[in-house]
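Numbering (my numbering), first residue to last: 887 to 1480.
First up is the structure itself, then whatever we jot down about it.
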């Protein structure tokens, strides 16, 4: 979140950003280069002008999308409002093909891929392009991608230059493109996500450190050792099919450290001097090792933590067996099943950082879309991509259909009371509507302003809607802290200087400077460095279990030092030096010296 009024008007800058061919890359992003171009409206594109007949079920083309995200909910609601809108506008049905990293690599090796691939462009561009697994979109863009060109022109040009494996062609388009942060804080989705009714019961103590969090978990488990149906309750758990994720993400609100294009390096938010995740004892990895070891020794750690997959984890959360998790979307269906009784998981203020979202001029690069050479319907795939990057498509996927879910009141797009009530009720009804169900499938970030009406494409992001659409759980949480909706709790702490955000370091910068500093090309690993990275990650995963299961302080200290020695021997520090050298080179080439 930026302080209100801190940004200068940016219309001229945004209209000209498509010319900044070298000004696009970073950690992930959300940007619009549409300005006031007539084609910024979706009305002229194939996706927008598709006839109503294209939505007939017998005419629908099924597009299968490969996603490296086990546990998504998209396929659960094939007839959601969003799915119906895509069918009516584009004439396609979207079906996810889920994969963990191992399955993903097996599919790549087979060469027979679904219609669309959603992958980390910095990791997979070479393999996908050199393997002739995806097709360039350039010719289709001219004919079927008018909204893409209008709304994310800067990303298109950057993609040709930096994500084409040196070919100069367009292969990848990342979702959630957004040029600058919004002015209101939405409900936080990543951070310590705790059972609010239990946390409030112990007085909602401040969580300044991870030890504070452990103490709160211990108090809660003592009061609630089992669920109502007799299942054992654990303070914390993990899943193991997302690589080092459970060791890197949960601590970041306390450490303010986050990675960029490698799991093995991290820097303070807004900084560019990277430390080794494995050999620097202040890293998220070692903060997590200390936390999980203490939790294990206190009996708070789920013993299945070292074998569970994400779906297993969410099943335990749904059953009410966990006290805290890393994100709202990781807690299964518990909230959906308890919309009326005040029980539920919510992100609470903790540590030093609030995950309020960031400035993403290049979208979420680790979820970039490409069209498979195996696709029998590449043109339809292009129509679909154009739709998700159109203003009409983005607004529909966030808010539903105009005339049904929102109307224009005195020219201003406004959510209906029924839609606000749907959001406020939360639960299965909201989820099954498909509204905002998967942000990764929406091309434009919710705070991106539609130049045709001056409102964000996600109407739920206005302050009025945030207050009206707060769920009972969010209202109870907000009232505890003297606020109207959950985002206001964090907003006050941010304004009081108690918490920072992913955009605090940008306060006072001009729009031009924000764009420049958020479009530095990211480090792309060579094949040799990718192999070394993979070997180090495998070593870290093996060592983590031994470290976390240390029986006492002495054993933990020994296992820690042994692991650090092993990481150094395997080249962790050399990897960090290479990474920092590349960061320095890329920043210099981008015109940044500090």
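Note that CB positions come from ideal geometry on N, CA and C, so glycine has one too.
Since the structure is predicted, the reported quantities are computational estimates derived from the model, not experimental observations.
Query - Run of the alpha helix (DSSP H) containing residue 1274, from where it starts to where it stops - result: The count along the chain shown starts at 1 and reaches residue 1274 at position 388. First-last of the alpha helix (DSSP H) with residue 1274: 1264–1274.
Query raised in the report: By how many angstroms is the C-alpha of residue 1333 removed from the C-alpha of residue 1067?
Result: Walking along the chain shown from the start, residue 1067 turns up at place 181. Walking along the chain shown from the start, residue 1333 turns up at place 447. Taking the straight line from one Cα to the other gives about 7 Å.
Query raised in the report: For residue 1162, which beta-bridge partners are listed by DSSP?
Result: Taking the chain shown and counting its residues from 1, the one referred to as residue 1162 is at position 276. Under DSSP, residue 1162 forms a beta bridge with 1151.
Query raised in the report: Tell me which same chain residues have a C-beta within less than 7 Å of the C-beta of residue 1370, skipping the five on either side of it?
Result: Mapped onto the chain shown, residue 1370 falls at position 484. Within the same chain, residue 1370 has close Cβ partners 1353, 1364.
Query raised in the report: To which residues does DSSP link residue 1299 through a beta bridge?
Result: Taking the chain shown and counting its residues from 1, the one referred to as residue 1299 is at position 413. Residue 1299 is bridged to 1294.
**Report entry** Assigned secondary structure, residue 1100 (DSSP; H/G/I helix, E/B strand, else coil)
**Finding:** Sequence index remark: in the chain shown, residue 1100 carries index 214 (1-based). Helix.
Report task. Go ahead and pull the three-state DSSP assignment for residue 1117. Result -> Counting from one through the chain shown, the residue named residue 1117 turns up at place 231. Residue 1117 falls in the coil class under three-state DSSP.
Query - residue 948 - containing beta strand (DSSP E), residue span - result: On the chain shown, position 62 is the one that residue 948 refers to. 947–953 is the extent of the beta strand (DSSP E) around residue 948.
Query raised in the report: Would you call residue 996 buried or exposed, if buried means 16 or more other Cβ atoms sit within 10 Å of its Cβ?
Result: In the chain shown, residue 996 corresponds to position 110, counting from 1. That one is exposed.
Query - Continuous beta strand (DSSP E) assignments of at least 3 residues falling wholly in the stretch 949–1009 - result: 978–984, 1002–1005
Query raised in the report: According to the Cβ coordinates, are residue 1436 and residue 1170 closer than 7 Å?
Result: Looking up residue 1436 in the chain shown gives position 550. Looking up residue 1170 in the chain shown gives position 284. Contact flag unset, no.
Report task. On the DSSP bridge assignment, give the partners of residue 1231 in chain order. Result -> Along the chain shown, one-based indexing puts residue 1231 at 345. Per DSSP, 1081.
Query raised in the report: At which residues does the beta strand (DSSP E) containing residue 1211 begin and terminate?
Result: As a first step, residue 1211 must be located in the chain shown, where it is residue number 325. Start and end: 1210–1213.
Requested in this report: State whether the stretch 1452–1464 contacts the stretch 1144–1157, with contact taken as three or more CB pairs (one from each stretch) at a distance under 8 Å.
Outcome: yes
Query raised in the report: Helix, strand or coil: which one does DSSP assign to residue 1199?
Result: As a working note, residue 1199 is residue 313 in the chain shown. Here residue 1199 sits in helix by DSSP.
Query raised in the report: Which residues in the same chain have their Cβ closer than 7 Å to the Cβ of residue 1316, if we skip the five residues on either side of it in sequence?
Result: Working through the chain shown from its first residue, we reach residue 1316 at position 430. These residues qualify, in order along the chain: 1308, 1309.
**Report entry** Closest by C-alpha distance to residue 1281, when choosing among 1318, 1313, 1234, 1341
**Finding:** Taking the chain shown and counting its residues from 1, the one referred to as residue 1281 is at position 395. The shortest C-alpha separation from residue 1281 is found at 1341.
Query - Three-state secondary structure assigned by DSSP to residue 1473 - result: For the purposes of this step, residue 1473 is identified with residue 587 of the chain shown, where counting begins at 1. Residue state, collapsed to three classes: helix.
Report task. Compare the C-alpha of residue 1473 against each of 1299, 1226, 1409 and name the closest. Result -> Looking up residue 1473 in the chain shown gives position 587. Nearest option by C-alpha distance: 1409.
Query - Sub-7 Å separation of residue 1256 and residue 978 beta-carbons - result: Here the question's residue 1256 lines up with position 370 in the chain shown. Here the question's residue 978 lines up with position 92 in the chain shown. For the pair residue 1256 and residue 978, the CB atoms are not nearer than the 7 Å cut-off.
Query - Buried versus exposed, by CB contacts within 10 Å (16 or more), residue 1345 - result: As a working mapping, residue 1345 is identified with position 459 in the chain shown. With 16 or more Cβ atoms within 10 Å of its Cβ, residue 1345 is classed as buried.
Requested in this report: Use the C-beta contact count for residue 1123: other C-beta atoms within 10 angstroms, 16 or more gives buried, fewer gives exposed.
Outcome: For the purposes of this step, residue 1123 is taken as residue 237 along the chain shown, with counting starting at 1. The residue in question, residue 1123, is buried, as its Cβ has 16 or more Cβ neighbours within 10 Å.
Report task. Express the C-alpha separation of residue 1134 and residue 1119 in angstroms, rounding to a whole number. Result -> As a working mapping, residue 1119 is identified with position 233 in the chain shown. As a working mapping, residue 1134 is identified with position 248 in the chain shown. Distance between the alpha carbons of residue 1119 and residue 1134: 24 Å.
Query raised in the report: To which residues does DSSP link residue 1076 through a beta bridge?
Result: For the purposes of this step, residue 1076 is taken as the residue at position 190 of the chain shown. Residue 1076 pairs with 1213.
Query raised in the report: In or out: residue 1445 buried (at least 16 other Cβ within 10 Å) or exposed?
Result: Numbered from its first residue, the chain shown carries residue 1445 at position 559. Buried, since its Cβ has 16 or more Cβ neighbours within 10 Å.
Query raised in the report: Okay, do the stretch 1006–1020 and the stretch 1366–1386 touch, 3+ Cβ pairs below 8 Å being the bar?
Result: The stretch 1006–1020 vs the stretch 1366–1386: no contact.
Query raised in the report: Taking one C-beta from the stretch 1052–1072 and one from the stretch 1222–1231 each time, how about it: are there three or more such pairs within less than 8 Å?
Result: no
Requested in this report: Find the nearest neighbour of residue 949 within the set 1268, 1347, 1020, judged by alpha-carbon distance.
Outcome: Within the chain shown, numbered from 1, the residue matching residue 949 stands at position 63. The shortest C-alpha separation from residue 949 is found at 1268.
Requested in this report: Take residue 1260 as the anchor and find which of 998, 975, 947 has the nearest alpha-carbon.
Outcome: The count along the chain shown starts at 1 and reaches residue 1260 at position 374. Closest option to residue 1260, Cα to Cα, is 998.
Report task. In the DSSP assignment, find the unbroken alpha helix (DSSP H) run with residue 1441 in it and report its ends. Result -> Within the chain shown, the letter at position 555 stands for residue 1441. Counting along the chain, the alpha helix (DSSP H) containing residue 1441 begins and ends at 1439–1455.
**Report entry** Presumed contact (8 Å Cβ cut-off) between residue 1209 and residue 1121, rounded CB distance
**Finding:** In the chain shown, counting from the first residue as 1, residue 1209 sits at position 323. In the chain shown, counting from the first residue as 1, residue 1121 sits at position 235. About 5 Å; that satisfies the 8 Å criterion.
Report task. Determine, using beta carbons only, whether residue 1289 and residue 968 come nearer to each other than 7 Å. Result -> Within the chain shown, numbered from 1, the residue matching residue 1289 stands at position 403. Within the chain shown, numbered from 1, the residue matching residue 968 stands at position 82. No, Cβ-Cβ distance for residue 1289 and residue 968 is not below 7 Å.
Requested in this report: Could you work out which residue in 1039, 1232, 1062 is closest to residue 1360 when comparing CA atoms only?
Outcome: Here residue 1360 refers to the residue found at position 474 when the chain shown is read from its first residue. For residue 1360, the nearest C-alpha among the options comes from 1232.
**Report entry** Element boundaries [beta strand (DSSP E), containing residue 1256]
**Finding:** Along the chain shown, read from residue 1 onward, the residue named residue 1256 stands at position 370. That run of the beta strand (DSSP E) goes 1254–1257.
Query - Cβ-Cβ separation, residue 1075 to residue 1213 (assumed contact under 8 Å), whole Å - result: In the chain shown, the residue the question calls residue 1213 occupies position 327. In the chain shown, the residue the question calls residue 1075 occupies position 189. Contact between residue 1213 and residue 1075 holds, with the beta-carbon distance rounding to 6 Å and staying under 8 Å.
Query raised in the report: Would you report the Cα separation of residue 1275 and residue 1335, rounded to the nearest angstrom?
Result: In the chain shown, counting from the first residue as 1, residue 1275 sits at position 389. In the chain shown, counting from the first residue as 1, residue 1335 sits at position 449. C-alpha separation (whole angstroms): 13 Å.
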